[in-house]
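So the protein sequences, as listed, match chains A and B.
Here our numbering is used: the first residue of the first sequence is 95, the next is one more, and so on.
Here our numbering is used: the first residue of the second sequence is 8, the next is one more, and so on.
Beta carbons are placed, not taken as given, at the ideal position from N, Cα and C, and that holds for glycine.
Being a predicted model, the structure only gives us computed values, none of them experimental.
Below you'll find the structure, written out as structure tokens, and then a few comments.
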Amino acid sequence: MIGIVITITSGKGGVGKTTATANLGMALASLGQRVVCIDSDIGLRNLDVVMGLENRIVYDLVDVVEARCRLKQAMIRDKRFPTLYLIPAAQSRDKTAVAPSDMVHLCQQLKSEVDWIIIDSPAGIERGFRNALAPSDQVLVVTNPEVSAVRDADRIIGLVEAEEKGPAKLIINRLDPEKVRKGDMLSAQDVVDLLAIPLIGIIPEDEAVLVSSNHGQPVVLSEKSIAGQAFINVSKRLMGEKVPWLDLDGKKGILNRISKIFSGGS
Amino acid sequence: MLKLFERLFEKSNNSANHAKERLHLVLIHDRTDLSPEALKSLKDRLIAVISEYVEIDAAQTEIQIEVEGREQTLIANIPLKSPRKRRS
């Protein structure tokens, strides 16, 4: 087994890297894949709470790197999917506790154990980002359809190219089809035109995402959530499946169908 | 007056287009590390250097960055003054 290292990054904070990491990890595990999610945001640990595994942490990434525990001891097994693991970030240290070469070494070891290694990168373009990028086989850039997030995404894409880790693929998160329709939000096509990298997912705005992280139950676990469905589609695309894009005008679609029924159309 | 009204209406009604236009320019300058002022100074120096060799129409000279995917190209359009015009 040779695992693939996916790095999830964005430049700007708060666009949904951790949400994407947790959901893609769960989605891949739900499809029977063996997955390790790594929180590389040392000092600002977050992936554990979003995944609902915060009470089970004994060892962390820095403990592994500094050989205070074996790798397996720092891998927290998920309650819901037995093929999903988390390696949490250290909370009481800073980014300099880990070097890019440590991450490469760690991922080398993990590659023979799992199918996917998903690294949640910290915001910014400094050491933490370099750590997350160093072992990467495929970079996924998360952005929002919003000027500052797109600008930072472009900067990150340039850095990924400079490190010869490109082409990165794009996840557009929190797209609101209604706002796009009104002309108040950049469309997915606008963002793709500007950033000029392949698109791998459009995650629609969905309040279920907030509710899910409140519970520590990533949104892919709620079957009715459209954002959850979109994350499952991204994970299928990562596995090489061709998945059609979601109909994000669903509400309008239903109205159209109803009006067609009333007007006697099909 | 009508035009002004239309323009205001368009702007308030389609902020997404405005965002796209602004980002287009910002990304060019981010990627090339070339500010609008730097581009202007480059143009002035280019005109000065080329004028040492051949007479050009400085007023019609254009220099801009074109974007194709993630590649930027510096395009200079420099009309030469025709010999006839020069003689006259």
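- Sequence-distant Cβ neighbours of Thr190/A in its own chain, meaning closer than 8 Å and more than five residues away, are Arg221.
- Between the C-alpha atoms of Val337/A and Glu299/A there is a straight-line separation of about 20 Å.
- Against chain A, the beta carbon of His31/B has neighbours under 7 Å at Leu288, listed in chain order.
- Check the Cα spacing between Ile219/A and each of Gly322/A, Ser281/A and Ala256/A: the tightest is with Ala256/A.
- Glu69/B is the residue among Glu69/B, Lys47/B and Pro43/B whose C-alpha sits nearest the C-alpha of Asn84/B.
- With respect to chain A, the C-beta atom of Asp40/B has no partner C-beta closer than 8 Å.
- Assignment of alpha helix (DSSP H) within the region 128-185 of chain A, counting only whole runs of 4 or more residues, yields 141-145, 155-159 and 165-168 in chain order.
- The beta carbons of Ile132/A and Leu155/A sit about 7 Å from each other, so the pair counts as a contact at 8 Å.
- Counting only residues of its own chain and dropping the five nearest sequence neighbours on each side, Gln203/A has a CB closer than 8 Å to the CB of Leu165.
- If you keep only unbroken alpha helix (DSSP H) runs of at least 4 residues inside the region 236-298 of chain A, you get 241-256, 271-276 and 282-289.
- CA-to-CA, the gap between Ser195/A and Arg224/A works out to about 10 Å.
- In the DSSP annotation of this structure, the continuous segment of the alpha helix (DSSP H) that includes Ala114/A starts and ends at Lys111 to Ser124.
- Taking a beta-carbon distance threshold of 8 Å, Asn24/B counts as an interface residue toward chain A.
- When 8 Å is used as the limit between beta carbons, Asn84/B is near no residue of chain A, the shortest such separation being about 24 Å.
- As computed with DSSP, Leu30/B is found in no beta bridge at all.
- Its chain contains Ile72 and Gln79 as the residues whose beta carbon lies nearer than 7 Å to that of Thr39/B, once the 5 sequence neighbours on both sides are disregarded; these appear in chain order.
- Three or more Cβ pairs closer than 8 Å define a contact, and the region 103-121 of chain A meets that threshold against the region 226-243 of chain A.
- Residue state for Ala83/B is assigned as strand, using DSSP reduced to three classes.
- In the structure shown, Thr68/B adopts coil according to DSSP, grouped into three states.
- If you check the CB distance, Val285/A and Ser124/A do not come in under 8 Å.
- If you check the CB distance, Val130/A and Ile181/A come in under 8 Å.
- Annotation: the continuous alpha helix (DSSP H) that includes Val56/B extends over Pro43 to Ser58.
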